[in-house]
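Enquirer: Protein chains in written order, with my numbering: chain A, 99 to 343; chain B, 99 to 343.
Note that CB positions come from ideal geometry on N, CA and C, so glycine has one too.
Protein chains: 2
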Amino acid sequence: MAENPLDKMGSSPPLHISCHGCSLARLCLPVSLNESEINRLEDAIKRNRPLRKHEHLIRAGDPVQHVYALRSGAFKSYLLNPDGVEQIIGFHLPSELIGLDAFGRDCYPSYSVALDTSLVCAIPLHQLEELAGSIPGLRKQLLYILSREIHEEQEHHSHVRESAEQRLAAFLVNLSARYSKRGLSASSFVMPMNRSEIGNYLGMTTETVSRLFSRFRDLNLITCRGHEVRLLDIQALLQQGKPKA
Amino acid sequence: MAENPLDKMGSSPPLHISCHGCSLARLCLPVSLNESEINRLEDAIKRNRPLRKHEHLIRAGDPVQHVYALRSGAFKSYLLNPDGVEQIIGFHLPSELIGLDAFGRDCYPSYSVALDTSLVCAIPLHQLEELAGSIPGLRKQLLYILSREIHEEQEHHSHVRESAEQRLAAFLVNLSARYSKRGLSASSFVMPMNRSEIGNYLGMTTETVSRLFSRFRDLNLITCRGHEVRLLDIQALLQQGKPKA
DNA sequence: CGAGCGATTGATTTCTTTCAATATCGGTGG
DNA sequence: CCACCGATATTGAAAGAAATCAATCGCTCG
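#1: What does a CB cutoff of less than 7 Å around B/Thr-347 pick up in its chain, not counting 5 residues either side in sequence?
#2: In whole angstroms, what separates the C-alpha of B/Ile-196 from that of B/Ser-210?
#3: Using the Cβ count rule (16 or more neighbours within 10 Å means buried), how would you classify A/Asp-204?
#4: For the beta strand (DSSP E) that B/Arg-323 lies in, which residues bound it at each end?
#5: Just by C-beta distance, which residues in the region 215-245 of chain A are closer than 7 Å to chain B?
#6: Roughly how many angstroms lie between the CA atoms of A/His-354 and A/Ala-172, to the nearest whole one?
#7: With DSSP as the reference, identify every bridge partner of A/Ser-216, one or two as the case may be.
#8: Comparing the C-beta of B/Val-344 with each C-beta of chain A, is any distance below 8 Å?
#9: In three-state DSSP terms, what is A/Ser-175?
#10: The region 175-202 of chain B: which residues have C-beta closer than 7 Å to a C-beta of chain A, in chain order?
#11: Can you tell me which of the three DSSP states B/Pro-222 falls into?
#12: May I ask which residues mark the beginning and end of the beta strand (DSSP E) holding A/Arg-328?
#13: With 9 Å as the C-beta to C-beta threshold (strictly closer), list the residues of the region 297-320 of chain A near chain B in chain order.
#14: Just the chain A side, please: which residues come within less than 7 Å of B/Ile-156 by C-beta, in chain order?
#15: Going by other Cβ atoms of all chains shown within 10 Å of its Cβ, with 16 needed for buried, is B/Ala-220 buried or exposed?
#16: Just the chain B side, please: which residues come within less than 9 Å of A/Ile-248 by C-beta, in chain order?
#17: Does A/Pro-128 come within less than 8 Å of chain B when only Cβ atoms are used?
#18: Which of the three DSSP states, helix, strand or coil, is assigned to A/His-154?
#19: With contact counted as at least three CB pairs below 8 Å, one residue from each stretch, are the region 271-280 of chain A and the region 223-243 of chain A in contact?
Here it is in structure tokens:
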């Protein structure tokens, strides 16, 4: 079992954040909870020292203890296929939950690693389950979050038959929407992952990702420099690579 | 809103099935519930007349009322993309739940249609949520089922970078495992979907599916006739189409 | 028995990967 | 501060996988 940064929590200064003051609360578990309900949830949540880039929050096979809410930074989750090859299954941005695939399991099924310096809130899974029993709003929200995650995986799956161009365009627009939901710019953002991770996630090679970025840039659909992108025409972007018909 | 077969339930003869006697109970929601808890769940569940092939159980946009447990037959779920093109996001076999993407929503996000004559149990969503509050075992099981669904979508996603050959092989082996879990043959079964639906789901054309079936047959990895398949060598099947390295 | 849909097979085209060669970025140490 | 290094990104050329276009076959159902 891997060492867990949370174990060292005692030695770190407490980080003064709470659900009450959290700007992400409206996107997270506390949605629709009242003051005292939030306090009950709050009591269960642990904060911890920041994770550095490349630090693992979760390793497949580790005993399940927490689900995590991302406060800042970014993560990728991945599976190791039978040949030991990493397959990225998702990226996580602030306000999103990590470890939703672990309910009712003994061990985590997937890995999650920081793509940047990150802060997470750790929510003990069994306490969350208990609280979901006695707080209807939390139960509803939890079920909704799991259900939404299923839908989002389905949405992602719905691009399987599309061209690499369409999949990358949809990916960029998806990132844009997720930043926008948090009040950040929908047109201009910094991607926390590199080209190779994008390719791995979308099912294409790094070279193809790179070529498509160049193509989008040549078509004046985006500007980009390294991990910074600006989407110049989202509608046109989504039309790219469609069958001519 | 689409007409719902359940609405006509009153006029159909009651079908004498119950969670207690259901051979699928151990794979379904009642897992780990005691007698009286099952009764409470049971009271919420409606059975209904069989759905015929091609009948819709759920249409995207319909107001959410139930989640469904499949007793017999088979379903496919799909999304309609912005151009109105059907994208299949999953198949459902007996004991599996349909509509897990609908928790906390006003309207269903996806369509589900019978691939064969089918029987379902309809579970009112709000009642299920309530019961999950007061029955810890049901709550746990419900969370587990949602979480497992997420994991299964991730597993499926983890094949994006693989060849068509590998994806089809994995699909067949996955079907096999699902039949096997119900006590049916892992090596020999009838696929409820046609070639075009397999291709749609896996992100390849019907022609490619057909060619791969032929190739697998030529290699003596399977035998097949129409929708009937027999897997002759699952391990070898999973080795197909791997990069030579 | 014929019509029509689904499945199969073939030939060609297209897209993406693979292999290979730079180019660029970010960090480090002189 | 700048030069150098390794890692990441870009670009090009060739090969390969799957899609497309097209024809035929075989069922099933009126």
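Expert: Quick answer:
#1: There is no way to answer for residue 347 of chain B, as the model of chain B reaches only from 99 to 343.
#2: When rounded, the distance between both Cα atoms is 8 Å.
#3: Per the 10 Å Cβ criterion, exposed.
#4: Unbroken beta strand (DSSP E) run through B/Arg-323: 320-323.
#5: Within the region 215-245 of chain A, the qualifying residues are Glu-227, Ala-230, Gly-231, Pro-234, Arg-237, Lys-238, Leu-241, Tyr-242, Leu-244 and Ser-245.
#6: The structure shown does not extend to residue 354 of chain A, since chain A is modelled only from 99 through 343, so no value can be given for it.
#7: According to DSSP, A/Ser-216 bridges with A/Leu-149.
#8: For residue 344 of chain B there is no data in the structure shown, the boundaries of chain B being 99 and 343.
#9: Residue state, collapsed to three classes: strand.
#10: Answer set for the region 175-202 of chain B: Leu-177, Asn-179, Gln-185, Ile-187, Leu-198, Asp-199, Ala-200, Phe-201 and Gly-202.
#11: In this structure, B/Pro-222 counts as strand in the three-state DSSP scheme.
#12: Counting along the chain, the beta strand (DSSP E) containing A/Arg-328 begins and ends at 326-329.
#13: Cβ proximity to chain B below 9 Å picks out Gly-297, Asn-298, Tyr-299, Leu-300, Gly-301, Met-302 and Thr-303 from the region 297-320 of chain A.
#14: The contacting residues do not exist; B/Ile-156 stays about 13 Å from chain A at best.
#15: Under this definition B/Ala-220 is a buried residue.
#16: What A/Ile-248 touches in chain B, judged by beta-carbon distance under 9 Å, is Leu-198, Asp-199, Phe-201, Leu-244, Glu-247, Ile-248 and Glu-251, going in chain order.
#17: At a cut-off of 8 Å between beta carbons, A/Pro-128 makes no contact with chain B.
#18: It is a strand residue.
#19: Remark: fewer than three beta-carbon pairs, one from each stretch, lie closer than 8 Å, so the region 271-280 of chain A and the region 223-243 of chain A are not flagged as touching.
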